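Let me begin by presenting the structure, written as structure tokens, before commenting on it.
Residue numbers (the numbering used here): 5 to 540.
Shown next, in the form of structure tokens:
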């Protein structure tokens with residue numbers, strides 16, 4: 005923890021609560037954060053960064069501008085201090101109250117009761133002498149009795165050893181995050197870019213300081229964690245469970261999923277405003293507990309004029325009719341981007357079209373094992389001349405050299421890279437995830453009338469991807485037309501200045517957070533949800 009300051013802390017306009025993103029990780033969310041802090045130069049920001057371990061965080065990928073007045077780092081999976089592992093000697097009413105509330109939280113029958121117990125527990129821990137150490141949770145008799153009670157209710161048929169370690173590792177990042185709650189900088193507005201641990205701390209900070217709290221979700225954090233945990237091999241499941249679909253997920257995985265579902269509900273309930281990047285995510289947010297009256301759709305934005313040079317260079321290149329067709333993948337080489345499907349699709353394309361090259365542009369160090377597997381696939385398929393890993397590049401400079409962008413992601417929000425490609429007149433073939441459909445085909449009738457700016461494909465389908473690429477590449481005039489449609493769509497619906505103006509209002513005029521504020525555009529969905537009407 006940071007040492008206590010002896011001076012009055014500076015109150016930032018906004019505290020951004022960031023989990024695993026800016027300024028240490030490249031990608032769409034980090035690019036969006038950098039855009040926000042850079043473009044809104046009149047707003048002061050404090051960054052509160054949550055990482056896994058200090059070693060994994062490595063170096064900064066972005067240099068924050070001068071209006072970022074502080075950066076606080078907390079690492080959720082670092083070893084606890086010797087002081088935290090040693091139980092404190094505490095007796096009396098505060099100890100009894102703590103364990104009573106902890107029991108009410110874990111054994112609550114309803115989410116309302118669980119949330120009430122959570123906040124009562126936090127209020128209790130904030131009292132002098134009322135916060136235990138993690139060592140208490142490991143060694144106090146009350147903690148042991150609660151652990152065995154939960155085991156009998158939730159996982160009686162599982163190995164108690166496996167259950168014990170699962171509970172310990174499940175609580176460790178929560179405990180580390182709670183220890184850091186006093187480090188969250190003072191701010192007039194709190195803004196997290198996800199639910200999860202960041203959402204939890206954003207909710208805590210806003211409640212303690214009685215400040216407005218805003219969430220912007222690029223993807224749906226709860227959904228992504230459910231998908232990740234369902235397939236996780238690091239959470240023990242009995243060997244036979246993988247072959248017994250009727251039994252579903254084991255209790256240990258259900259416990260982890262339950263944690264992130266709760267954190268999502270906690271974050272949504274505390275938020276005064278909840279932003280989605282596109283319409284398709286709002287129904288999922290409501291399903292996971294968001295109040296539809298607080299929802300608003302605010303897409304990513306971009307300044308297309310910054311790509312004018314790339315646009316001109318691409319137009320010249322297409323007019324000259326280059327021999328090699330260049331397909332660009334711009335993104336991190338990680339499993340969620342499904343680069344392996346790209347490589348398999350490349351093999352099919354190369355078999356039917358020799359003069360084609362796939363340029364993979366983006367960082368490769370985030371998941372070294374996955375990158376090595378992708379390299380091995382390229383070598384085994386004999387694609388070394390056709391699939392090239394370039395590492396990070398200046399996107400604005402390379403777009404003018406591309407004929408087409410390709411995105412094979414399993415999950416996305418609203419990919420900034422597609423907007424960048426469109427700004428340079430580069431159409432895109434992308435999986436039908438996130439906002440890709442409305443980006444490529446248009447959202448409203450007026451938007452759709454601009455024309456398609458590429459094609460959509462199925463997830464994890466190399467053949468469908470290859471067919472879409474070949475279809476677009478077969479007609480150069482149509483390729484040019486698609487690129488122009490993308491540029492027109494960005495200019496009309498995704499202008500950076502328009503988007504920044506919305507966030508400027510959120511940050512500097514907090515009337516949206518008042519209890520009597522007008523309901524948002526999704527108030528009708530909230531009414532449907534409260535009356536049991538199906539939400540469509």
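Just so it is clear, CB atoms sit at the ideal spot from N, CA and C, and this is done for glycine as well. A quick note: this is a predicted structure, and the numbers were derived from the prediction, not measured.
Whether residue i touches residue j by CB criterion (8 angstroms)
| i | j | result |
| --- | --- | --- |
| residue 23 | residue 200 | yes |
| residue 30 | residue 307 | no |
| residue 493 | residue 451 | yes |
| residue 469 | residue 345 | yes |
| residue 340 | residue 364 | no |
| residue 325 | residue 21 | no |
| residue 65 | residue 28 | yes |
| residue 41 | residue 187 | no |
| residue 400 | residue 311 | yes |
| residue 240 | residue 218 | no |
| residue 54 | residue 75 | no |
| residue 37 | residue 18 | no |
| residue 271 | residue 299 | no |
| residue 174 | residue 263 | yes |
| residue 88 | residue 138 | yes |
| residue 69 | residue 97 | no |
| residue 486 | residue 431 | yes |
Residue i, buried or exposed, once every other Cβ within 10 Å from all chains shown has been counted against 16
| i | result |
| --- | --- |
| residue 152 | exposed |
| residue 438 | buried |
| residue 144 | buried |
| residue 384 | exposed |
| residue 165 | exposed |
| residue 380 | exposed |
| residue 295 | buried |
| residue 520 | exposed |
Nearest-angstrom Cα separation, counted from residue j out to residue i
| i | j | result |
| --- | --- | --- |
| residue 8 | residue 183 | The pLDDT assigned to residue 8 is 38, lower than 50, so where the model puts this residue is not dependable, and the model offers no usable value. |
| residue 390 | residue 350 | 8 angstroms |
| residue 304 | residue 510 | 15 angstroms |
| residue 541 | residue 203 | The structure shown does not extend to residue 541, since the chain is modelled only from 5 through 540, so no value can be given for it. |
| residue 429 | residue 484 | 8 angstroms |
| residue 49 | residue 356 | 52 angstroms |
| residue 292 | residue 315 | 41 angstroms |
| residue 458 | residue 209 | 43 angstroms |
| residue 476 | residue 445 | 14 angstroms |
| residue 11 | residue 95 | Unreliable positioning characterises residue 11 in this predicted model, as indicated by a pLDDT of 47, which lies under 50. The coordinate reading is nonetheless provided below. Those two C-alpha atoms are separated by around 35 angstroms. |
| residue 247 | residue 254 | Annotation note: pLDDT 44 at residue 247 (below 50); position unreliable, coordinate value reported separately. Distance between the alpha carbons of residue 247 and residue 254: 12 angstroms. |
| residue 111 | residue 124 | 15 angstroms |
| residue 404 | residue 334 | 13 angstroms |
| residue 162 | residue 259 | 13 angstroms |
| residue 522 | residue 515 | 10 angstroms |
| residue 71 | residue 518 | 27 angstroms |
| residue 354 | residue 16 | 54 angstroms |
| residue 106 | residue 220 | 30 angstroms |
| residue 191 | residue 406 | 43 angstroms |
| residue 100 | residue 135 | 12 angstroms |
| residue 436 | residue 460 | 5 angstroms |
As assigned by DSSP and simplified to three states, the class of residue i
| i | result |
| --- | --- |
| residue 363 | strand |
| residue 17 | strand |
| residue 246 | At residue 246 the pLDDT is 47, less than 50, meaning the model places this residue with poor confidence and gives no usable figure here. |
| residue 521 | coil |
| residue 293 | coil |
| residue 337 | coil |
| residue 426 | helix |
| residue 463 | coil |
| residue 200 | helix |
| residue 231 | helix |
| residue 22 | strand |
| residue 315 | helix |
| residue 306 | strand |
| residue 237 | coil |
| residue 515 | helix |
| residue 79 | strand |
| residue 214 | coil |
| residue 112 | coil |
Endpoints, the alpha helix (DSSP H) within which residue i is located
| i | result |
| --- | --- |
| residue 38 | 32 to 43 |
| residue 300 | Looking at the DSSP string, residue 300 is not in any alpha helix (DSSP H); the run it does join, the beta strand (DSSP E), is 299 to 301. |
| residue 355 | 343 to 356 |
| residue 195 | Here residue 195 belongs to no alpha helix (DSSP H); instead the beta strand (DSSP E) covers 191 to 196. |
| residue 413 | No alpha helix (DSSP H) holds residue 413; DSSP gives it neither H nor E. |
| residue 125 | 115 to 129 |
| residue 29 | Looking at the DSSP string, residue 29 is not in any alpha helix (DSSP H), and its letter there is neither H nor E. |
Opening and closing residue of the beta strand (DSSP E) in which residue i lies
| i | result |
| --- | --- |
| residue 53 | 49 to 55 |
| residue 280 | 277 to 280 |
| residue 394 | 391 to 395 |
| residue 218 | 217 to 221 |
Check: residue i C-beta below 7 angstroms from any heavy atom of the ligand FMN
| i | result |
| --- | --- |
| residue 195 | What this structure holds is no ligand at all, so the ligand FMN is not there to describe. |
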